[in-house]
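> Before I ask anything, here is the structure I am working with.
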Amino acid sequence: MRRRTVEEKLEAIRLVEEGASPRSVSDRLHIGHHQLYEWLAIYREKGVSGLENKRNCRKNQYSFEDKCKIVHECQESELTLLEISSRHGISSSTLGGWLHKVSIGGMDALARKQHIVKEQSGIVMKRIPKEECEKENERLRKENERLKAENLLLKKVKALVEEREAQNRRIGRGPSKN
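Mapping to my numbering: the sequence shown position 49 is 962, numbers consecutive.
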């Protein structure tokens, strides 16, 4: 995804303020509508200076205490996620991620490095070494082959049963009880 210039952002905002719907503007300019809503909130909160690309920002610029303060504000205030994220200069997806981490692991989850832990369907899983992944993949391949063979066998059995039932119907016998 390429970064938009301040002029492109202002053009999108101008179109919305002239009466066009944010969805139609986002479709016309090939911008995600959530992104456009964020630009609008930032523009209303901080003006043009808030829209400038900040290329020198660090990946993890917020301390644990800052994150806790922002999450607490989000939980306690009547403001929307978009309003709070634009107020603090972070994306709403980042703030949503912090809220998700807190809902699963409490405030302490904001302090831990989360790149080593993946969450899938409520179960927290640690990354495993590559060799173990390869072993697990091989085990799963074999299991898949076994299940395919079992499936084919069951289809053949079903076809034989159906053939026998059809044959019995032709000669006037009723369906089998088994």
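In this text, a Cβ means the ideal position worked out from N, Cα and C, and glycines have one as well.
CA-CA distance, residue 1084 and residue 1076?
Within the sequence shown, the letter at position 171 stands for residue 1084. Within the sequence shown, the letter at position 163 stands for residue 1076. One C-alpha to the other measures close to 13 Å.
> Note down the Cα distance separating residue 917 from residue 960, rounded to an integer number of angstroms.
Sequence index remark: in the sequence shown, residue 917 carries index 4 (1-based). Sequence index remark: in the sequence shown, residue 960 carries index 47 (1-based). Distance between the alpha carbons of residue 917 and residue 960 is about 16 Å.
> Would you mind sorting residue 1055 into buried or exposed? The rule is 16 or more other CB atoms within 10 Å of its CB.
If you number the sequence shown from 1, residue 1055 lands on position 142. Under this definition residue 1055 is an exposed residue.
> For residue 1072, does the count of other Cβ atoms within 10 angstroms reach 16, so buried, or fall short, so exposed?
Here residue 1072 corresponds to residue number 159 of the sequence shown, with the count starting at 1. It is exposed - the Cβ of residue 1072 has fewer than 16 other Cβ atoms within 10 Å.
> What do you get for residue 976, buried or exposed, if any count of 16 or more other CB atoms within 10 angstroms of its CB means buried?
On the sequence shown, residue 976 is found 63 positions in, with the first residue counted as 1. Exposed is the call here.
> On the criterion of 16 or more Cβ atoms from any shown chain inside 10 Å, does residue 949 qualify as buried, or is it exposed?
For the purposes of this step, residue 949 is identified with residue 36 of the sequence shown, where counting begins at 1. With 16 or more other Cβ atoms within 10 Å, it is buried.
> Should residue 926 be labelled buried (16 or more other beta-carbon atoms within 10 Å of its own) or exposed?
Position 13 of the sequence shown, counting from 1, holds the residue named residue 926. Burial call: buried.
> Under three-state DSSP, which class holds residue 1031?
As a position in the sequence shown, residue 1031 is number 118, starting the count at 1. Because residue 1031 sits at a pLDDT of 47, beneath the cut-off of 50, its placement in the model cannot be relied upon, and the point is left open.
> Does DSSP put residue 992 in a helix, in a strand, or in coil?
Residue 992 sits at position 79 when you count from the first residue of the sequence shown. Coil at residue 992, not helix or strand.
> Tell me which residue opens and which closes the alpha helix (DSSP H) that residue 1023 is part of.
Counting from one through the sequence shown, the residue named residue 1023 turns up at place 110. No alpha helix (DSSP H) contains residue 1023, which DSSP labels as neither H nor E.
> Alpha helix (DSSP H) containing residue 975: first to last residue?
Walking along the sequence shown from the start, residue 975 turns up at place 62. Looking at the DSSP string, residue 975 is not in any alpha helix (DSSP H), and its letter there is neither H nor E.
> Check whether the segment 997-1014 touches the segment 951-959, taking contact to mean three or more Cβ pairs, one atom from each stretch, closer than 8 Å.
Touching, yes, given that three or more Cβ pairs across the two stretches are closer than 8 Å.
> Measure the alpha-carbon distance for residue 1031 versus residue 1079 and round it to whole angstroms.
In the sequence shown, counting from the first residue as 1, residue 1031 sits at position 118. In the sequence shown, counting from the first residue as 1, residue 1079 sits at position 166. No answer about residue 1031 holds up, because its pLDDT of 47 lies below 50 and its placement is not dependable.
> Determine the direct distance from the alpha carbon of residue 985 to that of residue 1016, and round the result to whole angstroms.
The sequence position of residue 1016 within the sequence shown is 103, counting from 1. The sequence position of residue 985 within the sequence shown is 72, counting from 1. Computed Cα separation, rounded: 12 Å.
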